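Protein sequences appear in the order of chains A and B. Residue 607 is where the first sequence ends in this note's numbering, and the numbering goes up by one at each step. Residue 311 is where the second sequence ends in this note's numbering, and the numbering goes up by one at each step. Here the structure comes first, spelled out in structure tokens, and everything after it is commentary.
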Amino acid sequence: MFSWICKSISDYKSQGFSKPWRFELNKKLCDFVSSWQIIMEKEKIITVKNLTKKFGNFTAVKGISFDVYKGEIFGFLGANGAGKTTAMKMLIGISNPTSGEANVAGFDVHTQTNMVKKSIGYMSQKFSMYDDLTIKENITFFGGIYGLSRSQIKQKITQLVEELELQEVANNLVGSLPLGWKQKLSFSVALLHEPKIVFLDEPTGGVDPITRRQFWEMIYTQAYKGTTIFVTTHYMDEAEYCDRVSIMVDGTIEALDTPKNLKKQFNVEAMNDVFLKLARNIE
Amino acid sequence: MGIAVNNISKSYKKIKAVENISFNVNDGELFGLIGPDGAGKTTIFRILTTLLVANEGSAVVAGFDVIKQLKEIRNAVGYMPGKFSLYQDLTVEENLHFFATIFGTTIEENYDLIKDIYIQIQPFKDRRAGALSGGMKQKLALCCALIHAPKVLFLDEPTTGVDPVSRKEFWIMLKRLQKKGITILVSTPYMDEASLCDRIALIQKGKILKIDSPENIINNYEKVIYDVQAKNTHGLIHDLKNYPNQYSVYAFGEFVHYIDKLATFNPTDLQTYLKNKNHTDIIIKPATITIEDVFMDL
Numbered sequence: 325m326f327s328w329i330c331k332s333i334s335d336y337k338s339q340g341f342s343k344p345w346r347f348e349l350n351k352k353l354c355d356f357v358s359s360w361q362i363i364m365e366k367e368k369i370i371t372v373k374n375l376t377k378k379f380g381n382f383t384a385v386k387g388i389s390f391d392v393y394k395g396e397i398f399g400f401l402g403a404n405g406a407g408k409t410t411a412m413k414m415l416i417g418i419s420n421p422t423s424g425e426a427n428v429a430g431f432d433v434h435t436q437t438n439m440v441k442k443s444i445g446y447m448s449q450k451f452s453m454y455d456d457l458t459i460k461e462n463i464t465f466f467g468g469i470y471g472l473s474r475s476q477i478k479q480k481i482t483q484l485v486e487e488l489e490l491q492e493v494a495n496n497l498v499g500s501l502p503l504g505w506k507q508k509l510s511f512s513v514a515l516l517h518e519p520k521i522v523f524l525d526e527p528t529g530g531v532d533p534i535t536r537r538q539f540w541e542m543i544y545t546q547a548y549k550g551t552t553i554f555v556t557t558h559y560m561d562e563a564e565y566c567d568r569v570s571i572m573v574d575g576t577i578e579a580l581d582t583p584k585n586l587k588k589q590f591n592v593e594a595m596n597d598v599f600l601k602l603a604r605n606i607e
Numbered sequence: 014m015g016i017a018v019n020n021i022s023k024s025y026k027k028i029k030a031v032e033n034i035s036f037n038v039n040d041g042e043l044f045g046l047i048g049p050d051g052a053g054k055t056t057i058f059r060i061l062t063t064l065l066v067a068n069e070g071s072a073v074v075a076g077f078d079v080i081k082q083l084k085e086i087r088n089a090v091g092y093m094p095g096k097f098s099l100y101q102d103l104t105v106e107e108n109l110h111f112f113a114t115i116f117g118t119t120i121e122e123n124y125d126l127i128k129d130i131y132i133q134i135q136p137f138k139d140r141r142a143g144a145l146s147g148g149m150k151q152k153l154a155l156c157c158a159l160i161h162a163p164k165v166l167f168l169d170e171p172t173t174g175v176d177p178v179s180r181k182e183f184w185i186m187l188k189r190l191q192k193k194g195i196t197i198l199v200s201t202p203y204m205d206e207a208s209l210c211d212r213i214a215l216i217q218k219g220k221i222l223k224i225d226s227p228e229n230i231i232n233n234y235e236k237v238i239y240d241v242q243a244k245n246t247h248g249l250i251h252d253l254k255n256y257p258n259q260y261s262v263y264a265f266g267e268f269v270h271y272i273d274k275l276a277t278f279n280p281t282d283l284q285t286y287l288k289n290k291n292h293t294d295i296i297i298k299p300a301t302i303t304i305e306d307v308f309m310d311l
């Protein structure tokens, strides 16, 4: 590493930095600290134990248990009606579990729902920004809801508009944007208050193939920064992009592992086949 | 018979929803409109089902003109809109009965046609439509669109937001309906479903980019695509994008699809490049081309 630093210092010197070692050592120190953090922080950010939800006689979620680690992209898959949305609603603190426990970002979903809501971001499958407000107005509104100060909001607007390359349409109504842009904007807005976890409910449904991939690059970048991503999707190629994937069938989690291990376990080539095998067996 | 569309254009204020579109669907064909949200698919459906009048061009559906013979068309076609449009507060059976009556028929008269599908939702026939799961809503909507035994069936994104298992079942149902002689025009944003159609039109931003059978579209694609894999996918995409002669780099399931600009491209050079970037477990091999690859390159 020493020789590498020396080389970098001379590189920076040649680029005209007067005290290159200061810059480079700082950077190296940061890298070192962040890699140390990655080792240290393979910590659980969501723990779920026997979580159950009943509606009258119907048990939508049947005592599921799993953990999600910090900075992980966790795919939460399942057939329609398998109980995904119900489970997710409990984890984001808007539905009270019938029994069982769940801890999200250090808070209990029974008793600390307000703290849960403050620590997470949520992007619904249904576009839920205000169509008749402009992009800037929407960011201001949601920033306000999340308790950001005026100066923070101002800074966020500049940052988001730049990152998403929305300079030309920043003052246009959100309703006039193509779906792909709307989804990218929704994702960014769900991250406004820099939550520890962001829940994405079918973020790419109906989006064109290129935008869908750009969206996943945004997800990767965010996960790389340490945000935990909890995502549902019906695109099985996207399941391959997740660090780990759980598959829910009929209220229970039938499989949970890395995509690679799941494919090995079920002896198939693609996640689509894993999904078909699991859901078929039940019927 | 079937469908004939000639130079149709439609604008909403400043926005051109579809621009000079022409295509033919043969009698008894399963034809797919493949394109993302906002491509203009729904506008085409609404024009062909007489719910919207085009600014320019003409269209004939099941032998009838969409402007002059709209009443005939409405009796001859079934339409399942992308948005669930049945009566949420009527039961499954009531909805079906309602649509049968509207078209001057009965459930019994055409029961043969819907039997396979209706059997699956029959256990819930007394449940209100609004309380059904997504997959069941979709099956009920299909029954209602079929109850008057239409000659042409229009299905606007019937599988959007539907899980892979139900999607597969839905396509099996479509194939069965096709065998009964019904012409089907279906739209979908899922590129993998394109291969299940007889012919497809790839559509984006109101224009048709290509019409052909899925096999021909794939076989006529000239570029060579490589599957590239390494342990760190995020880093891999980043590094591939910086490879000097890259033409395109896209995540594709467990692989990244890589296309090079040069005909002289040598995978070994890329392997060395990636190794130097500290990638491990590198795999580079020719990829199987899919409709999605072709679409992204249009």
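The C-beta atom is built at its ideal place from N, Cα and C for all residues, glycine as well. Since the structure is predicted, the reported quantities are computational estimates derived from the model, not experimental observations.
Query	Result
Is the Cβ of aspartate 50 (chain B) closer than 7 angstroms to any Cβ of chain A?	yes
Cα separation between histidine 110 (chain B) and alanine 403 (chain A)?	29 angstroms
Check whether the Cβ of arginine 537 (chain A) lies closer than 7 angstroms to any Cβ atom in chain B.	yes
Which value, in whole angstroms, describes the spacing of the CA atoms of aspartate 273 (chain B) and glutamine 259 (chain B)?	5 angstroms
So for glutamine 361 (chain A), helix, strand or coil by DSSP?	The predicted position of glutamine 361 (chain A) is uncertain, since its pLDDT is 49 and thus under 50; a value taken from the coordinates is nonetheless stated next. Correct three-state label for glutamine 361 (chain A): helix.
Which residues of chain B have a Cβ atom closer than 9 angstroms to the Cβ of valine 531 (chain A), listed in chain order?	Pro49, Asp50 and Pro202
For the alpha helix (DSSP H) containing histidine 110 (chain B), name the first residue and the last one.	105 to 115
Assign isoleucine 606 (chain A) to one of three DSSP states: helix, strand, or coil.	Bear in mind that a pLDDT of 44 at isoleucine 606 (chain A), under 50, signals an unreliable position, so the number given afterwards is only what the model happens to contain. Residue state, collapsed to three classes: helix.
Please list the residues of the region 270 to 303 of chain B that have a C-beta atom closer than 8 angstroms to any C-beta atom in chain A, keeping them in chain order.	none
Give a yes or no on whether the minimum CB-CB distance between glycine 70 (chain B) and chain A is below 7 angstroms.	no
Skipping 5 residues on each side, what residues in its chain have a beta carbon closer than 6 angstroms to that of lysine 290 (chain B)?	Asp252
Please report the residue range of the beta strand (DSSP E) in which phenylalanine 36 (chain B) lies.	28 to 38
Tell me where the beta strand (DSSP E) around threonine 196 (chain B) begins and ends.	196 to 201
Taking tyrosine 446 (chain A) and alanine 514 (chain A) to be in contact with their CB atoms under 8 angstroms, please state how far apart those CB atoms are, rounded to whole angstroms.	6 angstroms
Are the C-beta of proline 136 (chain B) and some C-beta of chain A separated by less than 7 angstroms?	no
In the DSSP output, which residue or residues are listed as bridge partners for glutamine 436 (chain A)?	Paired residues: none, contrary to the question.
Between the C-alpha atoms of serine 261 (chain B) and threonine 551 (chain A), what's the straight-line distance to the nearest angstrom?	28 angstroms
Taking the C-alpha atoms as reference points, what is the distance between aspartate 240 (chain B) and aspartate 294 (chain B)?	13 angstroms
Which whole runs of the alpha helix (DSSP H) in the region 415 to 459 of chain A are 4 residues long or more, in chain order?	437 to 443
Indicate whether the contact test is met: 3 or more Cβ pairs, each with one atom in the region 133 to 142 of chain B and one in the region 86 to 95 of chain B, closer than 8 angstroms.	no
State the Cα-Cα distance for the pair leucine 198 (chain B) and alanine 52 (chain B), rounded to the nearest angstrom.	16 angstroms
Note down, in chain order, each residue of its chain lying with its Cβ closer than 6 angstroms to the Cβ of phenylalanine 58 (chain B), except the 5 sequence neighbours on either side.	Phe167 and Asp169
Report the residue from B:Gly148, B:Gly266, B:Ala207 and B:Leu215 whose alpha carbon sits nearest the alpha carbon of phenylalanine 183 (chain B).	B:Gly148
Are three or more beta carbon pairs between the region 23 to 31 of chain B and the region 186 to 200 of chain B nearer than 8 angstroms?	no
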